[in-house]
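Enquirer: Those letters in the sequence shown? Residues 51 to 279, by my numbering.
Have a look at the structure that comes next, please.
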Amino acid sequence: MMLLNDCGGNVTVTDNYVQSPSYASRLINLVTPADYSFSTNTHWSNRTENEWFTVAGVNKNFAGWVSASGETGATMESVQFADPSRTVETYNQAQGYAATMASFVEQCRLQSKVNWRPAYTAAAVNDYVRAGFLPESSGTPTPTPTPTPTPTPTSPPSSVTFYSVGADDGFVTESSETSNVGGSASSTESNASALRMGDDGSDKQLKVILSFDTSSIPDGATVTGATLR
């Protein structure tokens with residue numbers, strides 16, 4: 051039974067399942083109606099309906115309660131919960147230990163910074179018990195498993211040979227010794243003179259440039275290695 055006495059006012063009671071299906075209990079004893087506002091609660095008791103509620107010392111049935119309390123959106127319905135028998139003991143059992151309070155306390159005492167288990171925090175136990183009081187029709191649906199995509203067959207590795215485009219081959223000469231800045235470029239030489247690397251007579255670096263037409267490599271291909279000969 052909910053005993054709602056003098057609280058100083060401005061208390062809202064909303065969106066609750068006020069249920070007593072197993073015991074013939076009064077649901078609410080409202081002593082000071084002016085201190086509370088009610089809305090969208092679902093009420094049911096195994097008790098005679100005329101005694102479900104007491105408002106300022108007077109017994110009320112459901113209709114009388116709505117009138118006296120001013121509750122909006124109230125419903126009179128027996129709600130079937132998912133698993134209302136859940137307790138701390140059954141929670142401990144679900145973790146693989148004995149369904150006793152002593153065993154639960156023992157596991158809690160084993161908590162430490164080097165043996166911290168979120169399952170033995172207040173939030174985890176509260177969530178477990180609270181889930182048992184979800185209406186059966188409001189349980190979290192089991193998600194439809196996402197099908198595992200069929201892997202795309204992988205082509206076996208292959209090797210291809212490309213020849214440099216002679217007309218585009220050449221070299222770049224450093225602008226001055228130790229500048230590390232490219233200067234003149236040449237692609238007009240021929241034969242062995244077309245490809246130069248190292249230093250020239252003025253100790254300026256030469257960087258070779260080779261051009262290959264790789265347009266035949268398909269999009270999405272992965273190049274795992276290249277060898278220059």
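The beta-carbon is built from N, C-alpha and C at its ideal position, and this holds for glycine as well.
The structure presented is a predicted model; accordingly, all values stated were derived computationally and were not measured.
Let me know if residue 91 comes out buried or exposed under the rule of 16 or more other beta-carbons within 10 Å of its beta-carbon.
Expert: Here residue 91 corresponds to residue number 41 of the sequence shown, with the count starting at 1. It is buried - the Cβ of residue 91 has at least 16 other Cβ atoms within 10 Å.
Enquirer: Are there three or more Cβ pairs, one per stretch, closer than 8 Å when the segment 119-134 is compared with the segment 93-107?
Expert: In short, these stretches touch, since the Cβ pair count reaches three.
Enquirer: Considering only the alpha carbon of each residue, which of 80, 66 and 74 lies closest to residue 59?
Expert: Indexing the sequence shown from 1 puts residue 59 at position 9. Selected option, being the one with the closest Cα: 80.
Enquirer: Would you decide whether residue 166 is buried or exposed? Buried here means 16 or more other CB atoms lie within 10 Å of its CB.
Expert: Position 116 of the sequence shown holds residue 166. Under this definition residue 166 is an exposed residue.
Enquirer: Indicate the three-state DSSP secondary structure (helix, strand or coil) for residue 220 in the structure shown.
Expert: Position 170 of the sequence shown, counted from the first residue, corresponds to residue 220. Residue 220 falls in the strand class under three-state DSSP.
Enquirer: What residue range is occupied by the uninterrupted beta strand (DSSP E) comprising residue 38?
Expert: The chain is shown only over 51 to 279; residue 38 falls outside these bounds and no answer can be derived.
Enquirer: Assuming residue 262 and residue 208 are in contact, meaning their beta carbons sit under 8 Å apart, how far apart are those beta carbons, in whole angstroms?
Expert: Taking the sequence shown and counting its residues from 1, the one referred to as residue 262 is at position 212. Taking the sequence shown and counting its residues from 1, the one referred to as residue 208 is at position 158. About 17 Å; that fails the 8 Å criterion.
Enquirer: Hey, could you find the ends of the alpha helix (DSSP H) residue 115 is sitting in?
Expert: Position 65 of the sequence shown holds residue 115. Run containing residue 115: 112-119, per the alpha helix (DSSP H) assignment.
Enquirer: What residue does the beta strand (DSSP E) around residue 170 start on, and which one ends it?
Expert: The residue given as residue 170 occupies position 120 in the sequence shown. Unbroken run through residue 170: none, as it is neither H nor E.
Enquirer: Exposed or buried, which one is residue 61 when buried takes at least 16 other CB atoms within 10 Å?
Expert: Taking the sequence shown and counting its residues from 1, one reaches residue 61 at position 11. Residue 61 should be labelled exposed.
Enquirer: Classify residue 140 as helix, strand or coil using the three-state DSSP reduction.
Expert: The count along the sequence shown starts at 1 and reaches residue 140 at position 90. Correct three-state label for residue 140: helix.
Enquirer: Where do the ends of the alpha helix (DSSP H) carrying residue 262 lie?
Expert: The residue labelled residue 262 in the question sits at position 212 within the sequence shown. Element bounds for residue 262: n/a, residue is neither H nor E.
Enquirer: In terms of residue numbering, what span does the beta strand (DSSP E) encompassing residue 87 cover?
Expert: Taking the sequence shown and counting its residues from 1, the one referred to as residue 87 is at position 37. 86-89 is the extent of the beta strand (DSSP E) around residue 87.
Enquirer: Pairs of beta-carbons, one from the segment 125-135 and one from the segment 146-159, closer than 8 Å: are there three or more?
Expert: At 8 Å Cβ cutoff, the stretches do not touch.
Enquirer: Among the residues of its own chain, which have a CB less than 8 Å from the CB of residue 149, if the five just before and after it don't count?
Expert: As a first step, residue 149 must be located in the sequence shown, where it is residue number 99. If we look at residue 149 and ignore the five residues flanking it on each side, its Cβ neighbours are 139, 140, 142 and 143.
Enquirer: If you compare alpha carbons, which of 210, 226, 223 and 228 is closest to residue 265?
Expert: As a position in the sequence shown, residue 265 is number 215, starting the count at 1. Nearest option by C-alpha distance: 210.
Enquirer: How is residue 176 classed by DSSP in three states: helix, strand or coil?
Expert: Stepping through the sequence shown from its first residue, residue 176 is reached at position 126. In the structure shown, residue 176 sits in a helix (DSSP, three-state: H, G or I).
Enquirer: Between which two residues does the alpha helix (DSSP H) holding residue 63 run?
Expert: Taking the first residue of the sequence shown as 1, we reach residue 63 at position 13. Counting along the chain, residue 63 falls outside any alpha helix (DSSP H), though it belongs to the beta strand (DSSP E) covering 61-64.
Enquirer: Between residue 255 and residue 270, what straight-line distance do the alpha-carbon atoms span, to the nearest angstrom?
Expert: By one-based count along the sequence shown, residue 255 stands at place 205. By one-based count along the sequence shown, residue 270 stands at place 220. So the alpha carbons of these two residues sit roughly 36 Å apart.
Enquirer: What separation, rounded to the nearest whole angstrom, lies between the Cα atoms of residue 169 and residue 95?
Expert: For this step, residue 169 is matched to residue 119 along the sequence shown. For this step, residue 95 is matched to residue 45 along the sequence shown. Whole-angstrom Cα-Cα distance: 34 Å.
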